[in-house]
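Quick note: the sequence shown uses this note's numbering, first residue 864, plus one each step. Note that the Cβ used here is the ideal one computed from N, Cα and C, for glycine as well.
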Amino acid sequence: MNDFMPINGVDHLELFVGNAKQAAHFYRSGFGFHQVAYSGLETGHRQRASYVVEQGGIRLTLSSALSPDHRISRFVQLHGDGVAVVALSVPDSSKAFMEATKRGATGAVLPTTTRDEYGTYQYSAIKAYGDTIIKFIDRSSYNGPFAPGYHPAEPASDGSGQEVARVGLTQIDHIVGNVELGAMNRWVNFFAHSLGFSQMIHFDDDDISTEYSALMSKVMQDGSGKVKFPINEPAEGKRRSQIQEYLDYNYGPGIQHLALSTDDIVSAVLKLQDNGIEFNYVPTTYYEDLEARVGEIHEPVDKLARLGILVDRDEDGYLLQIFTKPVQDRPTLFFEIIERHGSTGFGKGNFKALFESIEREQARRGNL
């Protein structure tokens, strides 16, 4: 079938934050990103400051407003620091906007063309769940540091004059959104009808539940399989689920976590821990008879147990995954580190262990 919405991949994710300078330092020193571009007062932008950081094929833009009435300020006041823009690389941003809005999507930014000495940069955007927007980027005729209005950044160091070492993160594996009870299917239909995505996997509350809480989830992916959007909604349980906790503290739907891939999760997690990144605790009982449950794996089980890395297998192979604690005071945005060995799944066999580890943190916060 003709793909009316061809997508090259994720161009970047933009986080709206309270202090972009400090956030950029955190993502450099904690996650091993390198700063590549900057926009702000020094580059002629009077309303916002943005820092662009990269690692492997992952690009994040960290933006703060310079006035209280800017939309970034309003976003941060309501939601705290979080992902506000998912930017997808497309062959034609105007056509992508036209096709999506023709099929019912609500426009957020009309097709726009900007130019500077590096070439032509084109973009448009539509609204997604909550205050998230999906941006269509065409930079095929642009060779600048990021976009018009951005200047190349000076290499940033850890204070010793040395650049912060990368930790081995390579790509954005998937982007997980949380929506309110009863809204999941509406957004599944949005991705299918407006963007041409197909449903990859469906989990219900029998698959994803613990003694206290449950959720339902459907995974949507684009025609190439490069871009994946799992969508979660809470299900009825004895206590407040992690999805409901997110919705309560985010004051509505939004992006719950970003899964970042690596080719060596053991090395990456060791470096992240050394950098001060905190991960959810997994009890040692999870690792008893691990290989009997998931089959033979290449990694030493004792190392996985020491770091709290989870393992799951499907018919295509196995994966390893671990989840950080929230990266701000609100229990909202967190990160997943994932290494795939053929598996195309999302760790279904780990849901119970993962949820119980999250519930332990919820109990510590008094929110279970």
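Nearest neighbour of Ala887, chosen from Asp944, Gly919 and His933 [CA to CA]: Asp944
Top-ranked residue by Cα proximity to Arg1169, from Glu1026, Ile1128, Glu1099 and Asp1085: Ile1128
Segment limits, alpha helix (DSSP H) that includes Glu877: It is not in any alpha helix (DSSP H) - Glu877 instead sits in the beta strand (DSSP E) that spans Gly872 to Phe879.
Nearest candidate by alpha-carbon position, reference Val880, set Gly895, His942 and Ile921: His942
Endpoints, beta strand (DSSP E) assigned at Ala1122: Gly1117 to Thr1125
Lys1235: first and last residue of the uninterrupted beta strand (DSSP E) it sits in: The shown model of the chain, from 864 to 1231, leaves out residue 1235, and the question about it has no answer.
Residue environment, Pro1146, which counts as buried when at least 16 other CB atoms sit within 10 Å: exposed
DSSP beta-bridge partners of Leu1110: DSSP output for Leu1110 lists no bridge partner at all.
Asp874 versus Gln1062 - alpha carbon distance: 22 Å
Residues near Ala1028 by beta carbon distance below 8 Å, same chain, minus five either side: Gly895 and Lys1134
Opening and closing residue of the beta strand (DSSP E) in which Ala988 lies: Gly982 to Lys990
Within 8 Å, strictly: CB atoms of Ile1106 and Leu1123: no
Same chain only: Cβ atoms within 7 Å of Tyr1114, ignoring 5 sequence neighbours per side: Leu941 and His942
Status (buried if at least 16 other CB within 10 Å, exposed otherwise) for Pro1116: A residue is called buried when at least 16 other Cβ atoms come within 10 angstroms of its Cβ; Pro1116 meets this threshold and is buried.
Among Lys998, Pro931 and Leu929, the one whose alpha carbon lies nearest that of Met1271: In the structure as shown, the chain starts at 864 and stops at 1231, and residue 1271 therefore has no counterpart that could be examined.
Proximity below 8 Å, CB of Ala1131 to CB of Ile1064: no
Asn1006, enclosing beta strand (DSSP E) - first and last residue: Per DSSP, Asn1006 belongs to no beta strand (DSSP E) and is neither H nor E.
Backbone CA spacing between Ala883 and Arg937 [nearest angstrom]: 15 Å
Residue of Lys1091, Thr1207, Arg978 and Gly1208 minimising C-alpha distance to Ser1003: The residue with the shortest Cα to Cα distance from Ser1003 is Arg978.
Cβ separation of Leu1032 and Ile921, assumed to be a contact under 8 Å, to the nearest whole Å: 6 Å
Cβ-Cβ separation, Lys1188 to Glu1141 (assumed contact under 8 Å), whole Å: 4 Å
Cross-strand partners of His1204 (DSSP beta bridge): Tyr1181
Backbone CA spacing between Gly982 and Asp1001 [nearest angstrom]: About 12 Å.
Per DSSP, the bridge partner or partners of Asp1248: Because the chain in this structure spans residues 864 to 1231, residue 1248 falls outside the shown range and cannot be described.
Inter-residue Cα distance where the pair is Gly1232 and Phe1066: Here the chain has residues from 864 to 1231 only, and residue 1232 is not among them.
Contact set for Asn1095: own chain, Cβ-Cβ below 6 Å, skip 5 residues either direction: So the list reads Asn1041, Leu1078, Ser1080 and Ile1106, once near-sequence residues are dropped.
Which residues DSSP lists as bridging Glu917, in chain order: Bridge partners of Glu917 according to DSSP: His897 and Arg922.
DSSP-derived helix/strand/coil call for Arg909: coil
When Lys1089, Ala1046, Val1090 and Gly1086 are compared against Pro1097, the one with the closest alpha-carbon: Ala1046
Arg911 versus Ala928, His897 and Gln918, residue with shortest Cα-Cα distance: Ala928
Whether Leu1173 touches Glu1202 by CB criterion (8 Å): no
Three-state secondary structure (DSSP) of Ala1028: coil
Other residues of its chain near Pro954: CB distance less than 8 Å, five sequence neighbours each side excluded: Pro869, Asn871, Asp1001 and Ser1003
Nearest-angstrom beta carbon gap, His1037 and Lys1089 [assumed within contact, 8 Å]: So it is not a contact: roughly 10 Å between Cβ atoms.
Spatial neighbours of Tyr1109 in its chain, beta-carbon cut-off 6 Å, leaving aside the 5 residues before and after: Asn1041, Gln1119 and Thr1195
Close Cβ partners of Thr975 (< 6 Å) along its chain, the five nearest in sequence each way excluded: Tyr986
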